[in-house]
Each structure stands twice: as C-alpha cells, then as structure tokens.
Amino acid sequence: MTLIFNLIYFLLIIISFPWLFYRLLFKGDLYRIFSRFGYDLVPSSSSSIWLHGASAGEIISLKKLVKLIKKKYPSDEIIISVCSSTGLELASKTYTDCKVIYFPFDLSFIVNSFINKLNPRLVIVAESDFWPNFIYLLNKRKIPIFVVNAKISKGSLNRIKNTYLMLPLMRNIFYFCVQKDVYKNRLIELGIDSKNISTTGDMKYDLIDDSRIGKNINLRKSLNLSENNIVIIAGSIHLEEVDIFLDAISELSLDNDRIRIIIAPRYPNDSKNIEHKIKSFNFLPIRRTELIELSNKLDRTSILIVDTLGELRDFYGISDIAFIGGALYYRFSDKGGHNLMEPAILGVPVIFGPHNYSFEEVGNNLIDVGAGYKVYDSRDLKIALTKLSDDDRFRLESGRMARKVILEGQGATKDNYELLERMDLL
135 MTLIFNLIYF LLIIISFPWL FYRLLFKGDL YRIFSRFGYD LVPSSSSSIW LHGASAGEII
195 SLKKLVKLIK KKYPSDEIII SVCSSTGLEL ASKTYTDCKV IYFPFDLSFI VNSFINKLNP
255 RLVIVAESDF WPNFIYLLNK RKIPIFVVNA KISKGSLNRI KNTYLMLPLM RNIFYFCVQK
315 DVYKNRLIEL GIDSKNISTT GDMKYDLIDD SRIGKNINLR KSLNLSENNI VIIAGSIHLE
375 EVDIFLDAIS ELSLDNDRIR IIIAPRYPND SKNIEHKIKS FNFLPIRRTE LIELSNKLDR
435 TSILIVDTLG ELRDFYGISD IAFIGGALYY RFSDKGGHNL MEPAILGVPV IFGPHNYSFE
495 EVGNNLIDVG AGYKVYDSRD LKIALTKLSD DDRFRLESGR MARKVILEGQ GATKDNYELL
555 ERMDLL
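Numbered by the numbering used here, the letters in the sequence shown go through residues 135 to 560 in order.
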C-alpha cells in the first residue's frame with residue numbers, strides 16, 4: 135500500500151516542481167523542506183508522546199491537553215509537529231518545554247525515519263489532518279492514533295468515501311474524540327465502529343478564561359468612559375474591513391451620543407493606514423501609544439486605535455459590543471475569522487462576517503441563542519450595531535447568553551485526557 139501512495143506523491147512532486155523551485159528560490163523554504171525530510175531531527179532518548187496540529191488553531195487547541203500530560207508525566211518527552219513556518223514559530227513560543235518539529239513528508243521512508251528517531255508510544259492528532267502513509271505505518275507498528283477535537287466536513291466525507299485506498303486506513307485509527315454528534319455520524323458512515331468514537335466537544339472553549347473580569351475599571355477611567363457609555367470595539371480587524379466598519383458606525387455614532395469607538399487592528403503596522411481612513415470619516419484618530427502623552431480622552435468625535443500587543447483582552451473587557459474581524463472578506467476556503475470566544479466569555483455580544491471558518495461552530499452556537507450576529511456588508515453591520523446599542527436590556531441579555539455558551543462548551547480537554555487515562559494510553 136505504501137508503494138502506491140509513494141508513486142502518487144512522486145507524481146505530484148514532478149507536476150508541482152516549478153512551484154517547489156519557486157518556493158525554494160524566493161520564499162526561503164529550504165530549511166522547512168529539509169526539516170520535513172528529517173535531516174536535522176534529534177532522536178528521542180526514550181519513548182515519546184507525539185502530538186500533531188496542522189493549523190494555528192489546532193496547535194493552540196492542544197495547549198491544555200499538553201499541560202495535563204506534562205503535569206502527570208513530567209519526565210515524558212512531548213513532541214509537537216506542525217506543517218508551516220508560522221506554525222513552527224507559534225508552537226515554539228507556546229510549548230517551550232516540548233520538542234517542536236516539522237511534520238514529515240508523507241513518503242514511507244521519511245515517515246519510517248521519523249518514527250524510528252522519535253520512538254512514539256502514542257500519536258495524538260488534532261481535528262482532521264490525516265496522511266495515508268503516516269496512518270498505515272503507525273498502525274503497522276501497533277502505535278495508536280488518538281484523534282482529538284475531530285471534525286469531518288461533508289466534502290471530506292465524500293472525498294474519503296470515493297478514495298478506495300483511504301477508506302480502510304481511516305478504520306485503522308484507534309479512537310476519535312469528535313466535537314459534535316454530526317461528525318460522529320459521518321465517521322460511522324465511513325464504517326468506523328461507534329465504540330471507537332466519543333463526542334467530547336470543542337477543546338477551543340477550554341482555552342478561554344474570564345480572569346480579567348472586574349479588572350478593567352482603571353482602563354475605563356483612563357479613557358474618560360462613564361457607565362452610561364456604550365463601547366463598540368472592532369477587534370482583530372483587517373485593513374480591508376475598516377471602511378465597512380467605519381461606514382456602519384459613523385452615522386450610528388451621530389444618532390447616539392453614548393457610543394464610543396475602539397479599533398484594534400489585527401496587524402498593528404496597519405495603524406497609519408487606519409488613521410487616514412478614520413480621518414476620511416471625520417473622526418479624530420487617537421493611538422493607544424500616544425494616549426497618555428497627549429492626555430487625550432475618548433469622546434464621540436474620536437476613535438481609539440489599539441496599536442499595542444497583548445491588550446486586546448483588556449479592551450474586550452471594557453466593551454459592550456464587539457465586531458470581530460477577519461471574516462467580512464474572502465481569504466481562503468479554510469481561513470477566516472478570529473477568536474469570538476474572548477469577548478463572549480466576558481459577556482460581550484459578538485458580530486462577525488460570513489467567512490468565519492476558523493470559529494464556525496462557535497459562531498453558530500452564539501447565533502442560535504441570540505448572542506452572535508452574522509453580517510455581510512456595512513448595511514447589515516449597521517443594523518446589528520443599532521439593534522444592540524439602542525436596547526440596553528436586550529444587549530445585556532445577549533452578552534449574558536454569549537458568556538453562557540462559552541462556559542457550557544468547556545470541558546472537552548478534561549474528557550479527552552480522562553479517556554486517554556482510562557484506555558491506558560499514557
């Protein structure tokens with residue numbers, strides 16, 4: 135079976151060689167490519183536990199699970215594998231006491247080399263990054279694959295069903311912990327025994343805490359905000375979305391003098407361009423970094439730009455309504471939207487765009503209880519903002535339900551860990 139997959143991969147390499155050459159020559163991918171061949175892989179001194187996450191969200195979702203494993207088994211070596219250079223940077227910062235590596239190319243001789251050097255006794259995969267040779271060779275060596283936060287889309291279901299060689303490999307995966315029952319049913323449709331699947335929820339909820347509630351009084355005072363003010367924040371907003379937000383908010387702020395506006399760019403380097411856009415809508419831009427020096431206060435004619443890092447949670451804590459960026463324009467089919475849970479856990483209702491792929495399930499759960507609002511353009515955004523800002527009782531209830539959704543969604547990490555313990559996999 136590995137021979138067939140190797141032939142397919144070699145054919146793909148030949149077809150994509152011009153693109154690979156371009157990446158090597160102009161994108162500085164030489165180190166990443168060589169690392170995925172395992173040239174700099176340091177062998178483990180004993181058996182290890184190998185965790186893999188393909189995307190940034192998957193890498194972060196493993197954080198509390200790794201912490202639980204480390205606490206109980208401090209001497210065990212933990213391996214974290216990633217696919218991209220940004221993933222490597224993120225994982226290296228997040229898991230300072232673990233070995234962070236690039237995931238191997240899925241060629242049998244490379245995968246075998248990684249397994250030999252890392253000597254894993256257990257492999258934990260986040261969500262749905264399934265590679266045929268990887269699955270086959272681990273199963274051949276009786277090394278269990280335990281999938282956490284598992285999800286399988288309709289498209290993935292159909293692709294696997296129509297791939298003759300992939301279907302039996304999926305059945306070789308030891309256990310699946312899925313986010314919701316619909317994913318469990320799809321796995322059963324693939325012929326996976328229901329005894330090997332549990333619905334434990336989404337581990338992303340467990341990364342959110344409300345430790346900053348009640349700690350933002352000084353921040354509100356420093357901005358000259360009264361209890362009567364309604365603070366609207368655009369969090370993690372992209373430059374492409376700023377005009378849409380300003381178009382929606384400008385008329386609203388004229389009609390309601392209680393409103394105060396904060397913009398927290400996804401990329402602080404965009405602050406200069408955002409300043410120009412704010413001025414074009416006849417507002418005064420004030421940067422967070424200049425606030426103390428200039429003794430400026432936030433009023434109805436100004437907009438605060440949070441051009442600092444690490445303060446977004448604090449500003450969510452003083453806000454009454456949050457528009458979360460990254461989902462109002464199409465980027466990639468599996469990339470869009472930012473963390474809805476951070477403001478929601480603080481009791482802030484959230485508004486977001488249609489391309490909310492990264493937090494789709496959370497967004498749907500918030501919409502279902504009236505705590506989340508999906509908008510498609512500035513008109514929709516204005517309607518949602520007006521609805522929430524005009525009715526204090528409705529806004530507070532919406533925020534209360536937002537917090538409730540996050541709290542009720544927590545516990546998946548603990549359940550997954552307890553399953554690993556009960557099955558004697560750790």
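Idealized CB from N, CA, C, for every residue including glycine.
Contact between the region 472-487 and the region 361-380 (3+ Cβ pairs under 8 Å): yes
Test item: CB-CB of G335 and A546 under 8 Å: Locating residue 335 in the sequence shown gives position 201, where the first residue counts as 1. Locating residue 546 in the sequence shown gives position 412, where the first residue counts as 1. Yes. Within cutoff.
8 Å Cβ cutoff met for V482 and L500: Here residue 482 is taken as the residue at index 348 of the sequence shown, counted from 1. Here residue 500 is taken as the residue at index 366 of the sequence shown, counted from 1. The answer is no: Cβ separation not under 8 Å.
Cβ distance (whole Å) where Y450 is taken to contact A456 below 8 Å: Counted from its first residue, the sequence shown places residue 450 at position 316. Counted from its first residue, the sequence shown places residue 456 at position 322. Contact holds; Cβ gap of about 6 Å.
Whole-angstrom C-beta distance between Y236 and V259, which should lie under 8 Å: Here residue 259 refers to the residue found at position 125 when the sequence shown is read from its first residue. Here residue 236 refers to the residue found at position 102 when the sequence shown is read from its first residue. In fact, because the Cβ distance is near 15 Å, the residues do not count as touching under 8 Å.
Cβ pair R422, I439 closer than 8 Å: Working through the sequence shown from its first residue, we reach residue 422 at position 288. Working through the sequence shown from its first residue, we reach residue 439 at position 305. It is a contact, given that the beta carbons lie within the stated cut-off.
Local Cβ density within 10 Å of V176, reported as buried at 16 or more and exposed below that: Counting from one through the sequence shown, the residue named residue 176 turns up at place 42. V176 should be labelled exposed.
Contact the region 389-404 vs the region 430-437: 3+ CB pairs below 8 Å: yes
Proximal residues to I580 (C-beta, below 8 Å), its chain only, five neighbours per side dropped: Residue 580 lies beyond the residue range present for the chain, which begins at 135 and ends at 560; the question has no answer from this structure.
Per-residue DSSP class, three states only, for R293: Taking the first residue of the sequence shown as 1, we reach residue 293 at position 159. Three-state result, R293: helix.
Sheet register partners of H186 (DSSP bridge): The sequence position of residue 186 within the sequence shown is 52, counting from 1. Bridge partners of H186: S215, V259.
Beta-carbon proximity list for K128, same chain, < 6 Å, skipping 5 on both sides: Nothing can be reported for residue 128: it is not among the residues displayed for the chain, which extend from 135 to 560.
Contact check, K276 vs Y317, beta carbons under 8 Å: Residue 276 sits at position 142 when you count from the first residue of the sequence shown. Residue 317 sits at position 183 when you count from the first residue of the sequence shown. Against a cut-off of 8 Å, the Cβ pair of Y317 and K276 comes out as no contact.
Boundaries of the alpha helix (DSSP H) in which A478 is found, first to last residue: As a working mapping, residue 478 is identified with position 344 in the sequence shown. It spans 475-479 - the alpha helix (DSSP H) in which A478 sits, taken as one unbroken run.
Beta-carbon gap between I212 and P254 smaller than 8 Å: For this step, residue 212 is matched to residue 78 along the sequence shown. For this step, residue 254 is matched to residue 120 along the sequence shown. Not a contact, by the Cβ cut-off of 8 Å.
Bounding residues of the alpha helix (DSSP H) (the contiguous stretch that carries I138): Within the sequence shown, the letter at position 4 stands for residue 138. Taken as a continuous stretch (DSSP letters only), the alpha helix (DSSP H) holding I138 covers 136-149.
Beta-bridge pairing of V282 - partner residues as DSSP gives them: Residue numbering aside, residue 282 sits at position 148 when the sequence shown is read from its first letter. According to DSSP, V282 bridges with A260.
N- and C-terminal bounds of the alpha helix (DSSP H) containing L380: Working through the sequence shown from its first residue, we reach residue 380 at position 246. Taken as a continuous stretch (DSSP letters only), the alpha helix (DSSP H) holding L380 covers 373-389.
From D524, N550, F528, residue whose alpha carbon lies closest to that of I331: Numbered from 1 along the sequence shown, position 197 holds the residue referred to as residue 331. Comparing Cα positions, the closest option is N550.
Beta bridge counterpart(s) of L301 as assigned by DSSP: In the sequence shown, residue 301 corresponds to position 167, counting from 1. BP columns for L301 are empty, so no partner.
Coarse secondary structure for I194, derived from DSSP in three states: Locating residue 194 in the sequence shown gives position 60, where the first residue counts as 1. I194: helix per DSSP, three-state reduction.
Own chain partners of L648 with C-beta closer than 8 Å, once the 5 adjacent residues on each side are dropped: Outside the modelled stretch of the chain, which goes from 135 to 560, sits residue 648, for which no answer is possible.
Collapsed DSSP secondary structure at F528 in the structure displayed: Taking the first residue of the sequence shown as 1, we reach residue 528 at position 394. Looking at F528 - three-state DSSP - the assignment turns out to be helix.
For V503, three-class secondary structure by DSSP: As a position in the sequence shown, residue 503 is number 369, starting the count at 1. V503: coil per DSSP, three-state reduction.
Secondary structure of Y317, DSSP reduced to three states: Taking the sequence shown and counting its residues from 1, the one referred to as residue 317 is at position 183. Three-state DSSP puts Y317 in a helix.
Segment contact flag, the region 287-301 with the region 505-515, C-beta cutoff 8 Å, min 3 pairs: no
DSSP three-state assignment for I324, whether helix, strand or coil: If you number the sequence shown from 1, residue 324 lands on position 190. Strictly speaking, residue 324 in this sequence is Leu, with Ile absent from that position. DSSP places L324 in coil when its eight states are reduced to three.
Pair within 8 Å by beta-carbon distance, G459 and H472: Within the sequence shown, numbered from 1, the residue matching residue 459 stands at position 325. Within the sequence shown, numbered from 1, the residue matching residue 472 stands at position 338. Yes. Within cutoff.
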